[in-house]
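Just below is one structure, and these are the notes that go with it.
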Amino acid sequence: MEERKLMGKRLLATLALTTAGFAATAAMAEDTVVKVMHQGDPGWVEMYGKVAERFEAANPGVDIELVYAPHDAYNEKFSAAVMSKDLPDVFEMDAPFLANYVWSGYLAPIKPLIDPAVLEDMTASNIAQGTYPIDNELYGIGLTDSSVVLYGNRKYLEAIGARIPTSVDDAWTRAEFEDVLEKLSKVEGVKWPIDTFRGYGIKTEWITYAYEPILASFGCDLIDRTTWTSEGALDSQPCVDALTMMQDWAKKDWIVPMSAGTNQFFADGNPAALAWGGHWVYSQAAAAMGDNVVVLPLPKFGEKSASPNGTWIWGVSTASKHPDVAGKFISFLLQDADYRAYAVSQSAFPGLKSFAAQSPLYAEGGPMAIAFEQASKSAVARPPHPAYPTITSAFMQAFDVIINGGDAKTELTKAAQKIDEDIADNDGYPPFNGQ
Amino acid sequence: MSDMALSTPRPAPKRRSHGSKRTLRIVQVVCVLIIALVMISPLFMLLVASLKDDRFQILADMGSFKAFWVSDPTLNNFVEVGGMSGDLAFGRYLMNSLIILFVTVSSGLVINSMAGFVLAWGRVPGKVVILALVIALYVIPQESIIMPLLIMVSRAGMTDTFTAQILPWVASPLYIFLFYQFFAQLPKELYEAAEMDGASPFRIYRSIFMPLSLPAMATTSILMGIESWNQYLWPVLVTQTAYARPIAVAIGTFFGQDSIFWDRAMAASVLMMLPILAFYIVFQRWFVSSFIGTAVKG
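Take a look at the structure:
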C-alpha cells in the first residue's frame, strides 16, 4: 500500500516536472513576432521577403510577419489598422504623412532604436523628411529619398536650338521654358511638348509632390509655414498665376493628357519632347532612348528654382511591444547588400551617404547628378503638418478642376478654406497653433 | 345586322412593306452590334494586353486602336504570373478566392433561403416589421458599415482569416428579400397539404420549397458569386499575410509606387476572370431565364 502511495507521489512529481518543463520550453520557443507593414511592386515585395528571412536567420527566435498593403489602398489599410488597434510594429509611410502620424501618437521616436552608424549615414534631406518639427525628434528613416527633374529629348532640343542647362543655378527661366514648349510644339514628330505625368491620376500623391515646387518657385505655398493657415497662401496671386500657367499649357495641348498614359516621353516615336518626371523614370527612359535623354534641372519660374523631396520611409509604431527588435530590423534592412543592389537597379535616389557612393547614377558626373544637386540646393519638403492629408487632398482636387478648365482663383480659395476648416476643427492641431 | 353592314369590306390590316421591315431589322442588328462592341471591347483589350510582353508598350498603346491588336502574341505574362512563388504565389491566391467564393455562396444559399422561407410562411411574431427592417437594411451601403465591422472582426480575433472574408457576407437583405418574394408567390396549397401530411416546417422547406426555388437559387448564386469574387476593399483591410489573401488584392501588387506592371496585371486579371467567365458560359441559359423569372435588375 505504502509502495503504491509512493509510486503515486513519484508519478505526480514527474508529471508536474514534465508539465513545468513543457511550459518553460514553450515559453522559450515562442517567437518574438514583429509585424512589418509595407507596400511596393513585386520586385520590392520579393526583396522584403528575402531580407526578412535573412534577419530571422541572423536573429533566432524572431519572426518577421510581413503585412502587405496595395500602394493605392495603403492609407485605408493604415486607418483600418489604427481603428482595429492592430498597428504593426514597423510600417512604411509616405514622408509627408509623418507629422500627422506623430501628432496622432502612432509613431515612436526612432533615434534610440536605430544603429548609430546608420543614423550617421543619413543625408540632410533624409533627416528632414523623418523629423517632426515640433520636438525635432527623428521618427522615420529610409534608404532612399526622391526628386523630380526635367527630362529632355536631345534631338528635339537641338532641333530648336535650345540652351541646355547644366546645373541648378542656370536652370531655364519661365520665359525660356515656355519659349521651348512653344517651339517644341511645332517640331515634326512632337505630339506634346511635355509630359507632366498626369497619367498617374488624381488618387496618388503625384500632383502635390511634383507640382508644389512650381508654387514654391512662384513664391507661394500650400500653407503659410509660420501661421499654419492656408488662406492667404494657397489662394494668393502667385499661386493663382502658377496654376493659370499650367492650365494655359493644357489649353494649348502642350501637356500629355491623362488618358495617354505615363510613357509618352520614351514610347515609340517619342511623342513627348520633355518630361516632368520622377527620378525613377530615368532607368526606363535611358533603356528606351539611350544617349538621347538629357537630364535638366526644374525651371526657375520666379526668383529661385524649387524641387520636391521625400519618399516612403520606415517608422516604429508606439504600439510595438518589441521596439528594440523593430529598430534592429530597420537597421538590418537599410544595410542589406541585396536590398541596396535592388534599389540601385531601380535607380533609387540615395537617402544614405554610403548608398549614394554605391549609386554612380547620382554621383558627380553621373547622368542624374543634377537630381542630387537639386536635393541640396532647391529641395522643398511638403508641409510637415498634421493636416497634411487634408492639405494634399484639397490641393489635388483643386488642381484637377483647374487643369480641366476651372477658375484658378475660385478653386484655390475653396481648397484653402477646406484646409483651414480642418485645422480649425482640430483646434489648430496644438502645439502647431503655438499652444 | 343589315346586309349593308355584312357586305362592308373590313379594312385590310396595315402591313409594313418588306423593305421597311428589312431596314428596321438592319438598324436593330447594328444597334445590338454597337452595344455588344462597347461591352466587349474592355475585355478584349484586357485579353490582347495580357498577350503583350512589354508593359511600356501596353501603356503607350492604350490611347489608340493598337490597344486592340497584338502583332507578336506571347504567353510569357501568364507563365510569369503562374510561376510566382512565396508572397507572390498567384496560384494560391486564386485558390483562396475560389474557397471564399464557394463557401460564401453555398452557405449564403442555405441561410438566405431559410430566412426568406420563414418570412414568407413561418408563424413569426412581428413578421411584417422584420421584413420592413430587412428591406431597410438593403439601402445601407456596404462601405458605411465597413469600419464598425472591421472592429468587430478584429475583436473577435478573426483578422487574416477566411472566416473574416466569408461570415459578414453570408446573410444579405437583398437575397433574403429575393427568396421571400419567390416563396411568397408559391401557392398556399403546397404548404398546407404538406402540413396536413405532418411535415415539419423544415421538412416543407427542404423537400418542397427549396427544390422549387432553383431559379432564385441560380440568381442568388450568380449575384453572390460576382459580389464575393470582386471584393477588394474588405479583404485589403482584413488580410495581412498571404494565408487568406484573395487574387483581387494580390493583383494590386502590380501597381507599385513608381511603376505599374501592366503586362502581369493584365495576365493576372485574365486569370481572375476565367473561373467566373466559365461559370457564366456554362450556366448562361439558366442565368438569363432566372433573371427574367425573378425580375432582378442587374
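Going down the list, the sequences are from chains H and L.
Residue 65 in the numbering used here sits at position 64 of the first sequence, and the numbers go up by one each step.
Residue 103 in the numbering used here sits at position 73 of the second sequence, and the numbers go up by one each step.
Beta carbons are placed, not taken as given, at the ideal position from N, Cα and C, and that holds for glycine.
Please read these numbers as outputs of a predicted model, since none were measured by experiment.
So residue i contacts chain H; which residues on that side make the cut at Cβ distance below 7 angstroms?
i	result
L/Met177	Met84
L/Val279	Pro71
L/Gln270	Val68
L/Ile130	Within 7 angstroms Cβ-Cβ: nothing; L/Ile130 doesn't reach chain H, min ~18 angstroms.
L/Met92	Gly262
L/Leu89	Gly262, Thr263 and Asn264
L/Thr193	Correct list: empty, because the minimum Cβ distance to chain H is about 15 angstroms.
L/Ser101	Within chain H, no residue comes near L/Ser101; the closest Cβ sits about 12 angstroms away, beyond 7 angstroms.
L/Ser174	Those within 7 angstroms of L/Ser174 in chain H number zero; the least Cβ separation is about 14 angstroms.
In chain L, which residues lie with their C-beta within 9 angstroms of the C-beta of residue i?
i	result
H/Trp281	Gln287, Asp288 and Ser289
What residues from chain H crowd round residue i, counting only those whose CB sits closer than 9 angstroms?
i	result
L/Ser243	Near L/Ser243 there are no residues of chain H at all, since even the closest Cβ is about 37 angstroms away, more than 9 angstroms.
L/Leu263	Ala74 and Glu77
L/Thr53	Chain H residues near L/Thr53: none, gap ~37 angstroms exceeds 9 angstroms.
Under the rule that 16 or more other beta-carbon atoms within 10 Å means buried, what is residue i, buried or exposed?
i	result
L/Arg153	exposed
L/Gly228	exposed
L/Ser50	exposed
H/Thr393	buried
L/Phe98	exposed
H/Ser360	buried
H/Gly328	buried
H/Gly354	In the sequence as displayed, the identity of residue 354 of chain H is Lys instead of Gly. With fewer than 16 other Cβ atoms within 10 Å, it is exposed.
H/Met29	Below a pLDDT of 50, predicted positions are generally treated as unreliable, and H/Met29, at 45, falls in that range; no measurement from the model is reported.
L/Gln195	buried
L/Thr283	buried
L/Gly113	exposed
H/Thr228	exposed
H/Ala417	buried
L/Ile64	exposed
H/Pro431	exposed
L/Leu73	exposed
L/Ile170	exposed
L/Leu67	exposed
H/Val181	buried
H/Val34	exposed
Which bits of chain L does residue i rub up against, with CB to CB less than 7 angstroms?
i	result
H/Gly41	Gly286 and Gln287
H/Lys78	Val266 and Leu267
H/Gln285	Phe86
Give the residues of chain H in contact with residue i, contact being defined as C-beta atoms less than 8 angstroms apart.
i	result
L/Leu180	Ala81, Met84 and Ser85
L/Gly282	Pro71, His72, Asp73 and Ala74
L/Thr134	Per Cβ cutoff of 8 angstroms: no residues; L/Thr134 is ~21 angstroms from chain H at best.
L/Ser237	Here the premise fails: no neighbours, minimum Cβ distance about 44 angstroms.
L/Thr18	Any question about residue 18 of chain L goes unanswered here, given that chain L covers just 31 to 328.
Could you work out which residues of chain L lie near residue i, taking near to mean beta carbons separated by less than 8 angstroms?
i	result
H/Asn60	Going along chain L, no residue has its Cβ under 8 angstroms from H/Asn60, so there is no contact; the nearest lies around 19 angstroms.
H/Gly268	Sequence check: residue 268 of chain H is Ala here, not Gly. Within 8 angstroms Cβ-Cβ: Phe86, Gln87, Leu89 and Ala90.
Is there a Cβ of chain C sitting closer than 7 angstroms to that of residue i, yes or no?
i	result
L/Ser184	In the displayed structure, chain C is absent; the protein chains listed are H and L.
Are the segment 151-160 of chain H and the segment 379-389 of chain H touching, with three or more C-beta to C-beta distances below 8 angstroms?
No: the two stretches stay apart, fewer than three of their Cβ pairs being nearer than 8 angstroms.
Counting beta carbon pairs with one atom in the segment 55-71 of chain L and one in the segment 257-272 of chain L, are three or more of them shorter than 8 angstroms?
No, they do not touch.
Pairing CB atoms from the segment 200-209 of chain H with CB atoms from the segment 324-335 of chain H, are three or more of them under 8 angstroms?
These segments do not touch.
Taking three-plus beta-carbon pairs below 8 angstroms as touching, is the segment 123-132 of chain H in contact with the segment 305-316 of chain H?
Contact between the segment 123-132 of chain H and the segment 305-316 of chain H is present, because at least three Cβ pairs lie under 8 angstroms.
Please determine if the segment 261-274 of chain H and the segment 168-177 of chain H are in contact, where contact requires at least 3 C-beta pairs separated by less than 8 angstroms.
Judged by Cβ distances under 8 angstroms, the segment 261-274 of chain H makes no contact with the segment 168-177 of chain H, as fewer than three pairs qualify.
Can you find at least 3 beta carbon pairs, one from the segment 216-232 of chain H and one from the segment 250-262 of chain H, that sit closer than 8 angstroms?
With the cut-off at 8 angstroms, the segment 216-232 of chain H and the segment 250-262 of chain H do not touch.
In the segment 71-154 of chain L, which residue ranges form an unbroken alpha helix (DSSP H) of at least 4 residues, counting only runs that do not cross its ends?
When DSSP assignments are scanned along the segment 71-154 of chain L, the uninterrupted stretches of alpha helix (DSSP H) that are 4 or more residues long and fall wholly within it turn out to be 85-91, 106-112 and 120-151.
What residues from the segment 301-329 of chain H come within 9 angstroms of chain L, judged by C-beta to C-beta, listed N to C?
Correct list: Thr312 and Trp313.
Enumerated in chain order, which unbroken segments of the beta strand (DSSP E) with a length of 3 residues or greater are wholly contained in the segment 260-302 of chain H?
As summarised for the segment 260-302 of chain H, the continuous beta strand (DSSP E) elements at least 3 residues long and confined to that stretch are 273-279 and 294-297, given in chain order.
So within the segment 370-401 of chain H, which uninterrupted alpha helix (DSSP H) runs reach at least 4 residues, ignoring any that extend past its ends?
As far as the segment 370-401 of chain H is concerned, its whole alpha helix (DSSP H) runs of at least 4 residues are 370-378.
Okay, do the segment 340-359 of chain H and the segment 64-79 of chain H touch, 3+ Cβ pairs below 8 angstroms being the bar?
They do not touch, by the three-pair rule.
For the structure I just gave you, are there three or more beta carbon pairs, one from the segment 207-223 of chain H and one from the segment 239-257 of chain H, closer than 8 angstroms?
The answer is yes - the segment 239-257 of chain H touches the segment 207-223 of chain H, with three or more Cβ pairs under 8 angstroms.
Assess contact between the segment 223-242 of chain L and the segment 156-165 of chain L, defined as three or more Cβ pairs (one per stretch) separated by less than 8 angstroms. Is contact present?
Result no; under three Cβ-Cβ pairs closer than 8 angstroms.
Examine the Cβ distances between the segment 214-223 of chain L and the segment 181-188 of chain L and report whether three or more of them are shorter than 8 angstroms.
The answer is no - the segment 181-188 of chain L does not touch the segment 214-223 of chain L, with fewer than three Cβ pairs under 8 angstroms.
Cβ contact (3+ pairs, closer than 8 angstroms) linking the segment 42-52 of chain H and the segment 268-285 of chain L:
Put simply, the segment 42-52 of chain H touches the segment 268-285 of chain L. At least three CB pairs are less than 8 angstroms apart.
Return the chain-ordered ranges of every alpha helix (DSSP H) run that is complete within the segment 182-240 of chain L and spans a minimum of 4 residues.
Fully enclosed alpha helix (DSSP H) runs of 4 or longer: 192-200, 203-214, 218-226 and 231-234.
Of all the residues that make up the segment 143-163 of chain L, which are near chain H by a beta-carbon distance shorter than 9 angstroms?
Residues are counted here when their Cβ sits less than 9 angstroms from a Cβ of chain H; for the segment 143-163 of chain L the count is zero.
Whether or not the segment 195-209 of chain L and the segment 265-283 of chain L are in contact is what I'm after, with contact meaning three or more pairs of Cβ atoms, one per stretch, closer than 8 angstroms; do they touch?
As far as the Cβ criterion goes, the segment 265-283 of chain L touches the segment 195-209 of chain L, which means the pair count is three or higher.
Would you say the segment 341-349 of chain H touches the segment 275-287 of chain H, given that touching needs at least three Cβ pairs under 8 angstroms?
The segment 275-287 of chain H and the segment 341-349 of chain H touch, with three or more beta-carbon pairs separated by less than 8 angstroms.
Stretch-stretch touch, CB-based, cutoff 8 angstroms, three pairs: the segment 299-308 of chain L with the segment 71-82 of chain L:
The segment 299-308 of chain L vs the segment 71-82 of chain L: in contact.
Pick out the complete alpha helix (DSSP H) segments inside the segment 136-185 of chain H, 4 residues or longer, and give them in chain order.
Within the segment 136-185 of chain H, the complete alpha helix (DSSP H) runs of at least 4 residues fall at 155-160 and 175-185.
Under 8 angstroms (Cβ pairs) to chain H, residues found in the segment 55-82 of chain L
Result list empty, no residue passes.
Does the segment 242-258 of chain H come within contact of the segment 397-413 of chain H, defined as at least 3 CB pairs closer than 8 angstroms?
Between the segment 242-258 of chain H and the segment 397-413 of chain H, the count of C-beta pairs closer than 8 angstroms reaches three or more; the two stretches touch.
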